[in-house]
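Its first residue numbered 1, the sequence shown is counted upward by one per residue in UniProt numbering.
Beta carbons: idealized from backbone N, C-alpha and C, even for Gly.
In what follows, a structure is listed as structure tokens, so that the remarks can point back to it.
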Amino acid sequence: MSHSTRSALSLTALALTLTLAACSQQNAAPQLPAEQQPQADQRDGSQFIYDGTDHSWVSSDNGLTDLKSQDLKAGNNALSNEPWTAATSGWGPIERNMSNGEKGSKDGGKLLIQGKGYDSGFGVHSNSSMTFNLEGKCSRFTSDVGMDDEVGSRGSVIFQVYADGKKLFDSGKMTGADKAKTVNVDVLGRKELKLVVINAGDNIDYDHANWGGPVLVDCNVSSKPTPPAAAPSPTPPPSNNVKYSGPLVITKGGTYRGNWESLDPRVPAVYIKTSEPVVIEGSNMRGRGELIRGWFVNLTVRNSNGYGMNPNVAGRPAGRFIAVEEVRSLRVENNYMEGTTGIYVNEFDGKGAGQTIKILRNKAKNIDGRRSDGKGGYNGERYRVQFAQLAKVRSVPGIEIAWNEVINEPGKSSLEENINLYSTSGTSSSRIQIHDNYIQGAFAVDLSDSSYSGGGIMLGDGPERNMNEAGGYVDVYNNQIVSTSNQGIGIAGGHNHRVFNNRVLSSGRLPTGEVNQSQNVGIYVWDIHKGKLINTWFNNTVYNNVIGWTRVNSNNSTWLNNTWLPDCTSTCYNNKSWSGAVTLDTEKQEYQLWQSKFRAAGMSVGSN
Numbered sequence: 001m002s003h004s005t006r007s008a009l010s011l012t013a014l015a016l017t018l019t020l021a022a023c024s025q026q027n028a029a030p031q032l033p034a035e036q037q038p039q040a041d042q043r044d045g046s047q048f049i050y051d052g053t054d055h056s057w058v059s060s061d062n063g064l065t066d067l068k069s070q071d072l073k074a075g076n077n078a079l080s081n082e083p084w085t086a087a088t089s090g091w092g093p094i095e096r097n098m099s100n101g102e103k104g105s106k107d108g109g110k111l112l113i114q115g116k117g118y119d120s121g122f123g124v125h126s127n128s129s130m131t132f133n134l135e136g137k138c139s140r141f142t143s144d145v146g147m148d149d150e151v152g153s154r155g156s157v158i159f160q161v162y163a164d165g166k167k168l169f170d171s172g173k174m175t176g177a178d179k180a181k182t183v184n185v186d187v188l189g190r191k192e193l194k195l196v197v198i199n200a201g202d203n204i205d206y207d208h209a210n211w212g213g214p215v216l217v218d219c220n221v222s223s224k225p226t227p228p229a230a231a232p233s234p235t236p237p238p239s240n241n242v243k244y245s246g247p248l249v250i251t252k253g254g255t256y257r258g259n260w261e262s263l264d265p266r267v268p269a270v271y272i273k274t275s276e277p278v279v280i281e282g283s284n285m286r287g288r289g290e291l292i293r294g295w296f297v298n299l300t301v302r303n304s305n306g307y308g309m310n311p312n313v314a315g316r317p318a319g320r321f322i323a324v325e326e327v328r329s330l331r332v333e334n335n336y337m338e339g340t341t342g343i344y345v346n347e348f349d350g351k352g353a354g355q356t357i358k359i360l361r362n363k364a365k366n367i368d369g370r371r372s373d374g375k376g377g378y379n380g381e382r383y384r385v386q387f388a389q390l391a392k393v394r395s396v397p398g399i400e401i402a403w404n405e406v407i408n409e410p411g412k413s414s415l416e417e418n419i420n421l422y423s424t425s426g427t428s429s430s431r432i433q434i435h436d437n438y439i440q441g442a443f444a445v446d447l448s449d450s451s452y453s454g455g456g457i458m459l460g461d462g463p464e465r466n467m468n469e470a471g472g473y474v475d476v477y478n479n480q481i482v483s484t485s486n487q488g489i490g491i492a493g494g495h496n497h498r499v500f501n502n503r504v505l506s507s508g509r510l511p512t513g514e515v516n517q518s519q520n521v522g523i524y525v526w527d528i529h530k531g532k533l534i535n536t537w538f539n540n541t542v543y544n545n546v547i548g549w550t551r552v553n554s555n556n557s558t559w560l561n562n563t564w565l566p567d568c569t570s571t572c573y574n575n576k577s578w579s580g581a582v583t584l585d586t587e588k589q590e591y592q593l594w595q596s597k598f599r600a601a602g603m604s605v606g607s608n
């Protein structure tokens, strides 16, 4: 793994010390279109008021009518193409790919929620249910939910999702005036999926409800059903409670479960020596070196725990949770890692459909680049590491880093950026998505070091001798970044980066209350390659972010150093300064907000 050496730059005007880290980039997904206004109700509404007559409905033909049943295929499956095992509705039949309509079948219109149309889905009425047999084959279930536009602002229902009898999602009361909500729940290993819509406590008038675009995600038709995953515990079990076997070498594709360790920092706990698809799940790994290592891998790691250990070799840091190069495909989902040096991806070699990089719903504690003193301690220096680093990953569609929780503590960790893209780019039609992550903490080894370079998210890092090397086409949005010292988010080069709707906050203090000596700026936009013969800097925008980046003066007074934008004028706009003081209590509240956010979205973060 090679990393570029950064040089500290002192800028008197803002006392800005920016050190640019070696990072890797990922492809960004297209920005979501602006929401359309709800369409006006074209009916007088009288037909949606019910007189108490029972027109409830129970499926008698497996819900297929003239639709031919389709077996689940590998990958994603539209749920509206699949037969249910049971279905009921409180008024008229459930409709496939159209709204509920009235008492008859196929009498609905296009599925619409606040103006957005859906080609697939179900139109139902309150007090309905649909049950589907998953056979443990799929990873997640996603769908938009909301009232159909035909009822205007009226009606009131509650959407619920159950798997094997356990409630995974509850929308709360929704009316026709509410925007759609998104269901995104883990159904890995679950056998039965049940979709329910109940009345919200009043009458059933206008209760026409839609499941918009429901999809079963990442189905594996060859896998055998597995028992339901256990509910996530607040913290993973300590690694010393697990009985480990020695290192594992994988030479054939397949699914692997076990507990492996390596006490030799030169030997990975798991070494992958095949390009065939490999899944590591439900496993524990620990070691003094890399935990998972490989080249040309087609790899999925999910629901597993990884623990880094002091290598006890002078000058050497802990190993990566995953270190892979010339990757064919990589999915890292719902894992827990502690004391490792994160996830490193160097170059991409995938050519098949759907081959990409996904780093989703992981929980990381103390990404630790501190170098060992060889005696069980540390020598005061650090190796530049990240929670997730993509290096020279260029023009790869579908890359996503989302819904991860990364928390670093001073004195127990030290890293460069938490997420770092080095000479990495997406495409204009498939932009890299970095969204809905919670990132807290980035600290120097020596907490008195004011020259420390490190932070939250870095875009456009690396050499830019030509457009191929330039980073670009990345969207960074809906992230929460807390107390990451030198910067919250930085754009240091490249083109077509968009940073929007993030919350970037810091009290300027360590958890002990002491001043963070390396505290600097919330968001910066600075073309470090300005003046090159080839211009690779253009179309970088920063907007609609909330920023409160506190600097503490020697007399204990404070000020907000929210932005430094030497290369962003008209394209940086509508960024809002935090109102009032940002304190350590503010930071704690931000974490509570994150927890409420992922639970409301139906997410399970970390290993199960």
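Spatial neighbours of residue i within its chain, please: C-beta separation below 7 Å, excluding the five flanking residues on both sides.
| i | result |
| --- | --- |
| L168 | V161, Y162, V185 and G602 |
| S450 | Q517 and S518 |
| S483 | Q440, G441, S506, S507 and E587 |
| G376 | N310 and N312 |
| W57 | T88, S89, G92 and P93 |
| S171 | V145, I158, F159 and K181 |
| V605 | R361, K363, W403, E405 and F598 |
| D436 | A402, W403, N478 and N479 |
| G121 | S80, N97, L111, N210, W211, G212, G213 and P214 |
Grab me the residues of residue i's own chain with a C-beta within less than 8 Å of its C-beta, minus the 5 sequence neighbours each way, in chain order.
| i | result |
| --- | --- |
| K273 | V249, I250, T251 and G294 |
| residue 678 | Outside the shown range of the chain (1 to 608) lies residue 678, about which nothing can therefore be said. |
| Q39 | Caution applies to Q39, whose pLDDT of 33 falls short of 50 and renders its modelled position unreliable; the value that the coordinates give is listed next. Correct list, in chain order: L112, G115 and D149. |
| S554 | none |
| P232 | With a pLDDT of only 38 at P232, under the threshold of 50, the placement of this residue in the model should not be trusted; the figure read from the coordinates follows. If we look at P232 and ignore the five residues flanking it on each side, its Cβ neighbours are S604, V605, G606, S607 and N608. |
| N335 | V301, R302, N303, S304, N305, G306, F321, N362, K363, G606 and S607 |
| G411 | F443 and L447 |
| P227 | Any reading at P227 needs caution, since the residue's pLDDT is 37, under 50, leaving its predicted position unreliable; the model's value is listed next. Answer for P227: G189, listed in chain order. |
| N366 | E338, G339, I407, N408, E409, K412 and S413 |
If contacts are defined as beta-carbon pairs under 8 Å, then residue i and residue j qualify, I think. What distance do you get, rounded to the angstrom?
| i | j | result |
| --- | --- | --- |
| S80 | N97 | 6 Å |
| N127 | G165 | Actually they do not touch by this definition, with Cβ atoms about 19 Å apart. |
| L584 | G522 | Between G522 and L584 the Cβ distance is about 17 Å, and since that is not below 8 Å, they are no contact. |
| N575 | I547 | 6 Å |
| G350 | S329 | 5 Å |
| L421 | G471 | 6 Å |
| N502 | Y473 | Actually they are not in contact, since the Cβ atoms of N502 and Y473 sit about 18 Å apart, beyond 8 Å. |
| G136 | K191 | 6 Å |
| R465 | S414 | Rounded, the Cβ-Cβ distance is 31 Å, inconsistent with contact. |
| G176 | G155 | 5 Å |
| A391 | N346 | 5 Å |
| L593 | S577 | Incorrect: roughly 18 Å between the Cβ atoms, too far for contact. |
| V279 | V327 | Wrong, their Cβ atoms sit about 15 Å apart, outside the cutoff. |
Give every residue of the same chain whose Cβ lies closer than 6 Å to the Cβ of residue i, excluding the five residues on either side of it in the sequence, and list them in chain order.
| i | result |
| --- | --- |
| D61 | Note that D61 scores a pLDDT of 49, beneath 50, so its modelled location is shaky and nothing firm can be said. |
| S59 | A87 |
| I439 | V406, N418, G456 and I481 |
| E400 | K358 and Q433 |
| V552 | G508, V515 and T558 |
| K68 | For K68, the predicted model reports a pLDDT of 35, less than 50, meaning its position is unreliable; a value from the coordinates is still stated below. So no residue of the chain qualifies. |
Nearest by alpha-carbon distance to residue i: which of the options is it?
| i | options | result |
| --- | --- | --- |
| residue 615 | W84, F296 and G306 | The shown model of the chain, from 1 to 608, leaves out residue 615, and the question about it has no answer. |
| G460 | N486, G377 and I432 | I432 |
| P247 | P511, T340 and L291 | L291 |
| V301 | V313, P317, P277 and E590 | P277 |
| S428 | V396, S414 and V445 | V396 |
| R316 | G289, F296, M337 and S129 | G289 |
| T356 | V332, N379 and D567 | V332 |
| R393 | E325, G176 and S448 | It is worth fixing the name first, because residue 393 is Val in this sequence and not Arg. Ranking E325, G176 and S448 by Cα distance to V393 puts E325 first. |
| S372 | G426, T175 and A314 | A314 |
| G454 | Y543, S425, E347 and Q386 | Q386 |
| G462 | V196, V445, I491 and N486 | I491 |
| N468 | I534, M337, F132 and S153 | I534 |
| N562 | N556, V504, P511 and Y573 | V504 |
| L195 | S570, L134 and N556 | L134 |
| V445 | I489, I198, Q487 and N379 | N379 |
Practice task
Please confirm if the region 254 to 267 is in contact with the region 278 to 290, defined as three or more CB-CB distances below 8 Å between the two stretches.
Solution key: yes
Exercise for the section: Would you check if there are 3 or more beta carbon pairs closer than 8 Å linking the region 586 to 600 to the region 523 to 534? Expected result: no
Exercise for the section: Could you say if the region 537 to 549 and the region 495 to 508 meet the contact criterion of at least three C-beta pairs nearer than 8 Å? Expected result: yes
Exercise for the section: Write down every uninterrupted run of the beta strand (DSSP E) in the UniProt region "Disordered" (76 to 106) whose length is 3 residues or greater and which is fully enclosed by it, in chain order. Expected result: 86 to 89
Practice task
Write down every uninterrupted run of the beta strand (DSSP E) in the region 534 to 569 whose length is 3 residues or greater and which is fully enclosed by it, in chain order.
Solution key: 541 to 543, 546 to 552 and 558 to 560
Practice task
Quick one: which unbroken beta strand (DSSP E) runs of 3-plus residues sit fully inside the region 342 to 421? Chain order, please.
Solution key: 343 to 348, 357 to 360, 363 to 365, 370 to 372, 378 to 382, 388 to 391, 400 to 402 and 405 to 407
Problem - 3 or more residues per run - each beta strand (DSSP E) lying fully within the region 120 to 144 - result: 121 to 125 and 128 to 133
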